[in-house]
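Asker: This is the structure I want to talk about, given as structure tokens.
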Amino acid sequence: MWSTLLHSNTIWVLLSTMILGFAAGGIGCLAYWKRQNLMSDALSHAALPGVVVAFFIIQEKNLLLLVIGAAASALLGAFLIQWITNASRITEDTAMGMTLSVFYGVGIMLLSIANRSAGGNQSGLNSFIYGQAAAMVRSDVITMVVLAGIVILIIFIGFKEWKLYLFDAAFAKGIGMSVRSMNVLYTIVLVTTIVIGIQAVGVILMAAMLIIPAVSARYWTHSFRNMILLSSLVGGAAGALGTWISSTGSGLPTGPFIVLVSAAIFAISLLFGKEKGIIIRFIQFKVQQRDSERNQFVMDKGGSQ
Amino acid sequence: MTYTMWIILTASLVGLSCGVIGVFLILRKQAMMADAISHTVLLGIVIAYMVTQQVSGTGMLIGGILAGILTAFLVQMLHSLKVQHDASLGIVFTTLFAVGVILISTSVGNVHLDVQHALMGEITFIPFTTVEIPLIGAVPKATALLTVVLILVIFFIIAFYKEWKITSFDPALAASLGIPVIFFHYLFMTLVSVTTVASFDAVGAILVVAMLITPAASAYLWTDKLMWMLILSGGFGVLSAVIGYWIATWLDTSISGSMAFATGCIFLFGFLLSPKHGLISRWVRPEAWKEEHVS
Numbered sequence: 045m046w047s048t049l050l051h052s053n054t055i056w057v058l059l060s061t062m063i064l065g066f067a068a069g070g071i072g073c074l075a076y077w078k079r080q081n082l083m084s085d086a087l088s089h090a091a092l093p094g095v096v097v098a099f100f101i102i103q104e105k106n107l108l109l110l111v112i113g114a115a116a117s118a119l120l121g122a123f124l125i126q127w128i129t130n131a132s133r134i135t136e137d138t139a140m141g142m143t144l145s146v147f148y149g150v151g152i153m154l155l156s157i158a159n160r161s162a163g164g165n166q167s168g169l170n171s172f173i174y175g176q177a178a179a180m181v182r183s184d185v186i187t188m189v190v191l192a193g194i195v196i197l198i199i200f201i202g203f204k205e206w207k208l209y210l211f212d213a214a215f216a217k218g219i220g221m222s223v224r225s226m227n228v229l230y231t232i233v234l235v236t237t238i239v240i241g242i243q244a245v246g247v248i249l250m251a252a253m254l255i256i257p258a259v260s261a262r263y264w265t266h267s268f269r270n271m272i273l274l275s276s277l278v279g280g281a282a283g284a285l286g287t288w289i290s291s292t293g294s295g296l297p298t299g300p301f302i303v304l305v306s307a308a309i310f311a312i313s314l315l316f317g318k319e320k321g322i323i324i325r326f327i328q329f330k331v332q333q334r335d336s337e338r339n340q341f342v343m344d345k346g347g348s349q
Numbered sequence: 196m197t198y199t200m201w202i203i204l205t206a207s208l209v210g211l212s213c214g215v216i217g218v219f220l221i222l223r224k225q226a227m228m229a230d231a232i233s234h235t236v237l238l239g240i241v242i243a244y245m246v247t248q249q250v251s252g253t254g255m256l257i258g259g260i261l262a263g264i265l266t267a268f269l270v271q272m273l274h275s276l277k278v279q280h281d282a283s284l285g286i287v288f289t290t291l292f293a294v295g296v297i298l299i300s301t302s303v304g305n306v307h308l309d310v311q312h313a314l315m316g317e318i319t320f321i322p323f324t325t326v327e328i329p330l331i332g333a334v335p336k337a338t339a340l341l342t343v344v345l346i347l348v349i350f351f352i353i354a355f356y357k358e359w360k361i362t363s364f365d366p367a368l369a370a371s372l373g374i375p376v377i378f379f380h381y382l383f384m385t386l387v388s389v390t391t392v393a394s395f396d397a398v399g400a401i402l403v404v405a406m407l408i409t410p411a412a413s414a415y416l417w418t419d420k421l422m423w424m425l426i427l428s429g430g431f432g433v434l435s436a437v438i439g440y441w442i443a444t445w446l447d448t449s450i451s452g453s454m455a456f457a458t459g460c461i462f463l464f465g466f467l468l469s470p471k472h473g474l475i476s477r478w479v480r481p482e483a484w485k486e487e488h489v490s
């Protein structure tokens, strides 16, 4: 067990999924309060054609350049969703579903062309669909850690601004903050997190890394600051633990295990959470029931006298 | 029939049944539910395979349907526990999908069920597994299954046409009229799962979403009548299947990917040119457009 953990590459991969989980947990909170949980799913699918096109252009697997391609096509997807929702009577969820499936389809089209061309099959482009953290080399890890670090920095430095932007946009406008540029910044941070994550956990499961930690954290605190912190910690823990479990066996995929660990944390929060967890709510309900019964009893007694 | 004709026929059947069922997905504002179900159906199919130890149509169909209903049920349950609706969708489908992928990569490990096939579909292999049907002769299995599903879907839509209409447009009215809204919700989710499983072999799990949502959304831009929307959406589905096949042979690439691309092109066409809701009409006749959209 320790030998696999101490294997140098595993340490690197573990570090990167942990930092990724940390960043995704933080940005997931922002998405949660913007009520755009599934946007991350749409954007991660929309990133696929960009990855393949970038590969066509540079003809080698360089994570940084592939990430730039992915970000470009995810941003295009975000723009299309916005545009279709604003300019027609199509609702946002339909626009998201269309964008994600059509972009993904185009990605698959391009991918099968790339796989046919010489060397394409060895490029490991398929790992972008299902995620393969174990296949990451040291330079990939460094790229990921640096980008995730920038994301974390932006979230925590601009904490006050994020809070205003999410909860009281009118006031934010009043004190001279530009809501539009906050919107742009939010989209860029979201897209960056998604595109660095898809290499590790894959296009399909990336959404879980943003959604689940935020919802789990909601069960433990009412304060936005604590929620962001907790959600980041949950994300980081799930990333590290999931990677560790998948490294104990051969051929175990990383992404799905990370998702399962976060789902387990969510189930625990749902049951035992301090705020609105099922058990707490049940106890509160029982206490209230008993109190009202007692009040009823007192009132009845008072009435008869 | 030739090999090519079978493929086009199968793809068109996918387009038709997905297009028809997709109309209600859009009207009920459950487009992302299609995305969720198309992912979790994978888990149902894997478990069906582990239980029956064979790739059989019926077992997979049942597994897929159960997985679809389970998804709808879990999402509903989490939502009733005060989790945001889209968040509960995201949690449920990613978790079930993750379980499916883990099962595939650890215990099943079979060529028939590699994730790649499941997610992208392999329509080119469909004509090779056939069943004998009296009077018609050898028919590819997937095509026969899709035909049955299409008949089933059309039957349920016609039989409960009025109920679908009311529950989709005004659930509160439907409930006050005594229509069992919850029952129709789950019946609808069953139909979506059945269609998804049947289309699975041909276009794969994720691209089913494109076939379900996009033709219906395009049809929504062209008409305000439910009947016309159903007909148009089915037609757009078939059209994208044929165009997709043509693009795929021209570029020598994935057929299902090209079909999804074709649905996108058809949507874009409507988005720009539709007389009532299109961008160009908004630009040419801003008054009429405003009247339609602002009031």
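If you read the protein sequences in the order shown, they are chains Z and D.
Counted the way my numbering counts, the first sequence spans residues 45 to 349.
Counted the way my numbering counts, the second sequence spans residues 196 to 490.
The beta-carbon is built from N, C-alpha and C at its ideal position, and this holds for glycine as well.
1. Distance, Cα to Cα, Z:L110 vs Z:Q80?
2. Can you list, in chain order, the residues of its chain with a C-beta nearer than 7 Å to that of Z:L274? Leave out the 5 residues immediately preceding and following it.
3. Thinking just about the alpha-carbon of each residue, which of Z:I240, Z:V185, Z:K204 and Z:V57 is nearest to the one in Z:V195?
4. In chain Z, which residues lie less than 9 Å from D:G285 when you measure between Cβ atoms?
5. Identify each residue in the segment 459-486 of chain D for which the Cβ-Cβ distance to at least one residue of chain Z is less than 7 Å, and report them in chain order.
6. Can you tell me where the beta strand (DSSP E) holding D:P335 begins and where it ends?
7. Quick check on Z:M45: does DSSP put it in helix, strand or coil?
8. When you compare the CB positions of Z:V259 and Z:I309, do they come within less than 7 Å of one another, or not?
9. Measure the C-alpha to C-alpha separation of D:G473 and D:S413 and round it to an integer number of angstroms.
10. Does any residue of chain Z bring its CB to less than 7 Å from the CB of D:D281?
11. So within the segment 289-333 of chain Z, which uninterrupted alpha helix (DSSP H) runs reach at least 4 residues, ignoring any that extend past its ends?
12. For D:I401, name the three-state secondary structure that DSSP assigns.
13. Which residues in chain D have a C-beta closer than 7 Å to the C-beta of Z:V303? List them in chain order.
14. Comparing alpha-carbon positions, which option in D:I328, D:L427 and D:L416 lies nearest D:K471?
15. Going along the chain, which unbroken runs of the alpha helix (DSSP H) with 4 or more residues stay wholly within the segment 316-393 of chain D?
16. Distance cutoff 7 Å, beta carbons only. Does Z:V195 sit that close to anything in chain D?
17. Check this for me: beta carbons of D:G452 and Z:M153, under 7 Å apart or not?
18. Quick check: the Cα distance between D:D230 and Z:V223, rounded to an integer number of angstroms?
19. With 8 Å as the limit, tell me which residues of the segment 309-338 of chain Z have their beta carbon closer than that to any beta carbon of chain D; keep them in chain order.
20. For D:A293, which option in Z:A307, Z:R334 and Z:P300 has the closest C-alpha, if you only look at C-alpha atoms?
21. Beta carbon of Z:S156, beta carbon of D:S449: below 7 Å?
22. What does Z:I128 reach in chain D if we use C-beta pairs closer than 8 Å?
23. So the candidates are D:V343, D:A393, D:I318 and D:F320; which of them puts its Cα closest to the Cα of D:I328?
24. Within 10 angstroms of the Cβ of D:S469, are there 16 or more other Cβ atoms? Answer buried if so, exposed if not.
25. So Z:R133 contacts chain D; which residues on that side make the cut at Cβ distance below 8 Å?
26. Is it true that the CB of Z:L92 sits closer than 7 Å to the CB of Z:G151?
27. Please report the straight-line C-alpha distance between Z:L49 and Z:L64, rounded to a whole angstrom.
28. What does the alpha-carbon distance come out to for the pair Z:A251 and Z:M343?
29. Decide if the segment 427-442 of chain D is in contact with the segment 203-219 of chain D; the criterion is three or more beta carbon pairs, one per stretch, under 8 Å apart.
30. Under the rule that 16 or more other beta-carbon atoms within 10 Å means buried, what is Z:S225, buried or exposed?
31. Rounded to whole angstroms, what is the Cα-Cα separation between Z:L256 and Z:T143?
32. Which two residues bound the contiguous alpha helix (DSSP H) that contains Z:E136?
33. In its own chain, which residues sit with a C-beta less than 7 Å from the C-beta of D:H274, not counting the 5 before and 5 after it?
34. Helix, strand or coil, according to DSSP, for D:W417 in the structure here?
35. Could you tell me which of D:G295, D:S394, D:L222 and D:T324 sits nearest to D:Y244, measuring between CA atoms?
36. Do we get a CB-CB distance below 7 Å when we pair D:V306 with the residues of chain Z?
Answerer: Let me lay it out:
1. 25 Å
2. The residues are A261, W264 and T265.
3. Z:I240
4. What D:G285 touches in chain Z: N81, L82, S84, D85, A251, A252, L254, I255, I256 and V259.
5. G459, F462, F466, H472 and L474
6. Counted as a single uninterrupted DSSP element, the beta strand (DSSP E) harbouring D:P335 occupies residues G332 to P335.
7. Reliability fails at Z:M45, whose pLDDT of 46 lies under 50, so the model's placement of it is uncertain and the value that follows must be treated cautiously. In this structure, Z:M45 counts as coil in the three-state DSSP scheme.
8. no
9. Roughly 10 Å between the two C-alpha positions.
10. yes
11. Counting only runs of 4 or more, we get 298-316.
12. coil
13. T289, T290 and A293
14. D:L416
15. 336-354, 356-364 and 366-371
16. no
17. yes
18. 31 Å
19. Result list: F310, L314, K320 and I322.
20. Z:P300
21. yes
22. In chain order: F466.
23. With distances taken between CA atoms, D:I328 lies nearest to D:V343 out of D:V343, D:A393, D:I318 and D:F320.
24. Counting Cβ neighbours within 10 Å, D:S469 comes out buried, since at least 16 surround it.
25. Y415, L416, H472 and H488
26. Yes. Within cutoff.
27. With a pLDDT of 49 at Z:L49, under the threshold of 50, the modelled position of that residue is not reliable, and the figure given next carries that caveat. Between Z:L49 and Z:L64, the C-alpha separation is close to 19 Å.
28. If you take the alpha carbons of Z:A251 and Z:M343, they lie about 54 Å apart.
29. yes
30. exposed
31. The question names Leu, but residue 256 of chain Z in the sequence shown is Ile. Cα-Cα distance, rounded: 23 Å.
32. E136 to R160 is the extent of the alpha helix (DSSP H) around Z:E136.
33. Taken in chain order, the residues that qualify are H280 and S283.
34. The answer is helix: DSSP assigns D:W417 an H, G or I state.
35. Comparing C-alpha distances from D:Y244 to each of D:G295, D:S394, D:L222 and D:T324 shows the shortest one belongs to D:G295.
36. Because the pLDDT of D:V306 is 43, which lies under 50, any placement of that residue in the model is unreliable, and the question is left without a value.
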